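Line by line, the protein sequences give chains C and L. Start counting the first sequence at 3; every next residue gets the next number (our numbering). Start counting the second sequence at 50; every next residue gets the next number (our numbering).
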Amino acid sequence: TDEKFEHDEL
Amino acid sequence: MNAFRLVGDLCHLAAIVLLLLKIWKSRSVAGLSGKSQILFGLVFVTRYLDLVTNFVSPYNTIMKVFFLSSSIATVYLIYTKFKATYDGNHDTFRMEFLLIPCALLAIVVNHEFSPMEILWTFSIYLEAVAILPQLFMISKTGEAETITSHYLFALGSYRGLYIMNWLYRYYYENNFDVIAVVAGIVQTVLYCDFFYLYITKVLQGKKLQLPA
């Protein structure tokens, strides 16, 4: 399973 | 944060400022695709929903606020303030041909089946193709104002620099997001034809004319 992404990019 | 991403964000910022300057100084939105600007506005709205719930850094928050407000302002300028100069006859790309496939793909291919994550994924897919109405409009009119081509060059460069950023993060931070990378490559490839024209024409001082 894909780990949850912390979207830190704009 | 790395230099590629910072310069990329600054190129993105420059593109948006260039566009606003062009509109404000020439008091005209001639040659601009309102549809692309609507799509970019939608990209920011669906991507920055976490603006208040997920604090990353002051830089991140300030840039998100600027991108959101400037894209909404641009749509406002095109469709209300300078509506008289909006060339709707050449801005005929069907937005639904982009919105529906991106929405469907975001539902099927995403990192997590949650509303926020699906909206983020939708914004990534949509950003990759949001420039198409603008490029389509230029191909129909056969030309673009020089400042509009500078806008497009900065806009295309920003995602190209992000690809370098993703390479860097892959090797040094072991961080890799296949969805953003694939969409970013598609987005940058769409500009290649324009990049060629920009470098061979605009940088030679000529106007951007597409071969008829």
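For each residue, glycine too, the CB sits at the ideal point set by N, CA and C. Everything numeric in this text was worked out from a predicted model, so none of it was measured.
Residue nearest to residue i in terms of C-alpha spacing, selected from the options
i	options	result
L:Leu153	L:Thr141, L:Leu168, L:Leu98	L:Leu168
L:Met165	L:Tyr174, L:Leu98, L:Thr237, L:Pro107	L:Leu98
L:Ala179	L:Asn51, L:Ile156, L:Phe146	L:Phe146
L:Ile228	L:Cys151, L:Thr123, L:Phe243	L:Cys151
Residue i: first and last residue of the uninterrupted alpha helix (DSSP H) it sits in
i	result
L:Arg143	Unbroken run through L:Arg143: none, as it is neither H nor E.
L:Gly57	52-75
L:Glu166	164-178
L:Tyr128	Careful: L:Tyr128 lies outside any alpha helix (DSSP H) and carries neither H nor E.
L:Tyr245	227-249
L:Asn312	This structure gives no information on residue 312 of chain L, because the portion of chain L shown stretches from 50 to 261.
L:Thr195	195-221
L:Gln183	181-190
L:Gly83	83-96
Residues that residue i contacts on chain C, provided the C-beta gap is smaller than 7 Å
i	result
L:Asn223	In chain order: nothing, as chain C lies at least about 12 Å away.
Residue i at chain C interface by Cβ criterion, 9 Å
i	result
L:Ala229	yes
L:Arg54	yes
L:His61	yes
L:Asp58	yes
L:Met112	yes
L:Val28	For chain L, the structure presents residues 50 to 261; residue 28 of chain L sits outside this window and is missing.
L:Asn138	no
L:Asp242	no
L:Tyr211	yes
Pairwise C-alpha distance: residue j and residue i
i	j	result
L:Lys132	C:His9	36 Å
L:Val230	L:Ile212	7 Å
L:Val158	L:Lys74	42 Å
L:Gly205	L:Ala177	10 Å
L:Tyr245	L:Leu259	11 Å
L:Glu194	L:Tyr220	40 Å
L:Ala155	L:Ser172	9 Å
Chain-ordered neighbours of residue i on chain C, where CB pairs are closer than 8 Å
i	result
L:Phe162	Residues of chain C passing the Cβ test: none, with the nearest at roughly 10 Å.
L:Phe116	Leu12
Proximal residues of chain C, C-beta to C-beta of residue i below 9 Å
i	result
L:Asn109	Asp10, Glu11, Leu12
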